[in-house]
DNA sequence: AGGTAAACACACCGGTCGGTATACTCACAA
DNA sequence: TTGTGAGTATACCGACCGGTGTGTTTACCT
């Protein structure tokens, strides 16, 4: 079995397995999708999956990591590093808006996984925790750069708006939730002493 | 089988079933808890559960409704109807803070259920959708009463902060997330023209 | 020519899932 | 007194779960 975490080189079949598992886990939920279905949809035998990934748990971790990586790339491609911190905060919410319109019909994969994987030590939970910390620190860094008073707290709040927008869009069906959150974030930057 | 939704009168065994199922569904997740375990923990046979509730799906719905009702009662007991709208918004976040410290170690039951129940027509999803709409409308009503400009939008944003605080507390482990959200909500009321 | 990795096919494992069937006891009320 | 509703005990159902074992084929590399 190849190390899923360290080597991004996957065999063609493993690549197909990860792609189809990601799709299935995200849209139907991790616990409701069996390995047999993943194998069938990937055009692969269960044997191959277990040879490449070792266990369902590890496949789940690979799925979460891959999806997180996709989101970070998606975001990075939409942020101009030369823009002002304030503009970069707005761009982050705009990226979330675009992301949700394209590939977020079922809410945040990390939050969903956290709900499904209730065993305290499950490594998938760790991935989700890291992802949420990263997001909060991202906003906090921007708040600090912007010269906000209490940048840590502001970063936390911006991350809350971010998460809340995902829930609003997913459950309540609020189409422009991310843009509403962007406006609120903008107002909060001002309230924290950041010049327009 | 008694109608679970219309008649709140439950037989003693049914009461025990609902209580233990609520505990188990919330802490371990709906899909990972089997009916056999619920029966065993409630000191009841599976037959009794199916006589009273009919199916797992209906038991899940009863669980979600009951938990939502508990939260609404909890909140109502902590809101002074004579206080100003601004104070009531703050009190709502404070109630969330207290609620999370007491019985929210696993995040929002509605969001979790939404993650677990991926089948489009599952009645449990409807309960979650109604709950989120109710929360948003609650905040929007307070924003309107406070005389905020764009009260609907502000209500949406306050609900986002609310949801985001739950995620922050649950996944990131931010202990005072709800109070941080309260401060942000307060600032946003001001930004929306509500006098201090 | 020989070795190795990747994938195949297929059968099988113990265990659990949601749900049902049968037969019995007990309390209470018409 | 005679039902009736609530509950118990136990056995059972087909389907599916995650995971393993054995052996075969294909293709590329040395």
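Protein chains in written order, with the working numbering: chain A, 8 to 203; chain B, 8 to 203. Ideal Cβ placement from N, Cα and C applies to all residues, glycine included.
Where residue 181(B) meets chain A, residues with beta-carbon distance less than 7 Å
163
Taking residue 198(B) as part of the alpha helix (DSSP H), name the residues at either end of that continuous run.
184 to 198
Consider the Cβ of residue 125(A): report whether some Cβ of chain B lies at a distance smaller than 9 Å.
yes
Check whether the segment 139 to 158 of chain A touches the segment 94 to 104 of chain A, taking contact to mean three or more Cβ pairs, one atom from each stretch, closer than 8 Å.
yes
Secondary structure of residue 162(A), DSSP reduced to three states
helix
Mapping the DSSP letters down to three states, classify residue 168(A) as helix, strand or coil.
helix
For residue 111(A), which residues in chain B fall below 8 Å Cβ to Cβ?
Residues of chain B passing the Cβ test: none, with the nearest at roughly 13 Å.
What's the call for residue 158(A), buried or exposed, on a 16-neighbour Cβ count within 10 Å?
buried
Under 9 Å, do residue 175(B) and residue 126(A) count as touching if we go by C-beta distance?
no
Mind checking if residue 108(B) is an interface residue toward chain A, Cβ cutoff 9 Å exclusive?
no
At the level of alpha carbons, what is the spacing between residue 123(B) and residue 138(A)?
20 Å
Compare the C-beta of residue 57(B) against all C-beta atoms of chain A and say whether one is closer than 9 Å.
no
So that I know if they touch, is there some Cβ in chain A lying closer than 9 Å to that of residue 1(B)?
Absent from the model: residue 1(B). The displayed extent of chain B is 8 to 203, so no value can be given.
Would a check of beta-carbon distances place residue 20(A) closer than 9 Å to chain B?
no
Taking the alpha helix (DSSP H) that residue 229(B) belongs to, which residues open and close that run?
Because residue 229(B) is not part of the residues shown, which for chain B are 8 to 203, the question remains open.
Buried versus exposed, by CB contacts within 10 Å (16 or more), residue 36(B)
buried
Closest Cβ-Cβ distance between residue 45(A) and chain B: below 9 Å?
no
To the nearest angstrom, report how far apart residue 34(A) and residue 203(B) are at their CA atoms.
45 Å
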